[in-house]
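Undergrad:
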Amino acid sequence: MDKAKELIITIHQPESYPWCGFFNKMMNCDKYVILNSVDFRKNYYQNRNRILTKNNSIFLTIPVNKSSNKKINEIEISNDLWKQKHWTTILQTYNKSPFFYEIKNGLEILINTSGTNLSEFNISIILYFKKLLSIDCDIILSSELNLVTSSSELILDICKTVGASTYISGRDGREYLSEKDFIDNSINIIYQDYNIEPYTQFNNKNEFVPYMSIIDLISNIGIEKSKEYIRKGWSL
């Protein structure tokens, strides 16, 4: 295939306060499709993620209204009380961490000025950290593609619509993607097997706790080292 026409994409639902593997995908693609037009899963990572306190890891959960049969971009946050709770918890957890100052003001503003749409808030957080990490891929919202397709075919149809030559899937994609369908459409599938290396966690005196929010990583090792850390986890 002509290198000039190659296009690497990845697709992911808009998580709340995503982990570093989420941004590793961004670093390895040309276009990042935020899958905001599929069914919402309550108490999954679409409205919560974990940070590490002195005692254990806890979820920061955003309360949402009744969500049955609704798409992610249709989900409304149920009240404003979470803003104070989240910010107080984050502040108490990371205020003494060596690099929290690098994200403190920006994060506080985004949380306190959030509207009522969950997807919009999540995307604002994603774009904030994307900019801090100097990631230059294009962002596309699946809701803007106006695709009407079954869930089993959606990933392939998105790839075809945006003109992808390569699709980066999470490791679990091996269980549900039809590689033959991608091959038949001249699209290569590459699976992200992200390698999590321990880093110093200021609040943790015991064993390293993986899969924390990007907030934990940057607060502990800083923006510049986080760029390198995330990039080293996996690459094409």
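With our numbering, you'll find the sequence shown wraps up at 1114, consecutive numbering, no jumps. Glycine is no exception: its CB is placed at the ideal position from the N, C-alpha and C atoms. On a predicted model such as this, the values are computed, not experimentally measured, just so you know.
Which parts of the stretch 904–973 are runs of the beta strand (DSSP E), unbroken and 3 residues or longer, counting only runs that do not cross its ends?
TA: Runs found: 909–912, 926–930, 935–939.
Undergrad: So, under 8 Å CB-CB, Phe999 and Lys949 are touching, yes? Tell me the CB distance rounded to an integer number of Å.
TA: Their Cβ separation, rounded to whole angstroms, is 15 Å, which puts Phe999 and Lys949 out of contact at 8 Å.
Undergrad: What does DSSP give as the partner residue(s) for Asn1066 in the beta ladder?
TA: According to DSSP, which records beta bridges pairwise, Asn1066 is partnered with Thr1044.
Undergrad: Under 6 Å Cβ to Cβ from Arg1109, same chain only, skipping five residues before and after it: list those, please.
TA: Here the set comprises Met905.
Undergrad: Counting only the same chain and skipping the five closest in sequence on each side, list residues whose C-beta sits under 7 Å from that of Cys907.
TA: Closer than 7 Å at Cβ, skipping near neighbours: Ile886, Ile887, Thr888, Cys1015, Ile1046.
Undergrad: Near Thr1078, what residues of its chain come up, given a Cβ to Cβ distance below 8 Å and the 5 sequence neighbours on each side ignored?
TA: Closer than 8 Å at Cβ, skipping near neighbours: Asn1098, Ile1099.
Undergrad: Quick one: Cα of Cys898 to Cα of Lys1058, how far?
TA: Approximately 30 Å between the Cα atoms of the pair.
Undergrad: Given a cut-off of 8 Å on the beta-carbon distance, is the pair Asn1117 and Trp965 in contact?
TA: Given a span of 879 to 1114 for the chain in the structure shown, any question on residue 1117 remains unanswerable.
Undergrad: By DSSP, does Asn983 sit in helix, in strand, or in coil?
TA: Three-state result, Asn983: helix.
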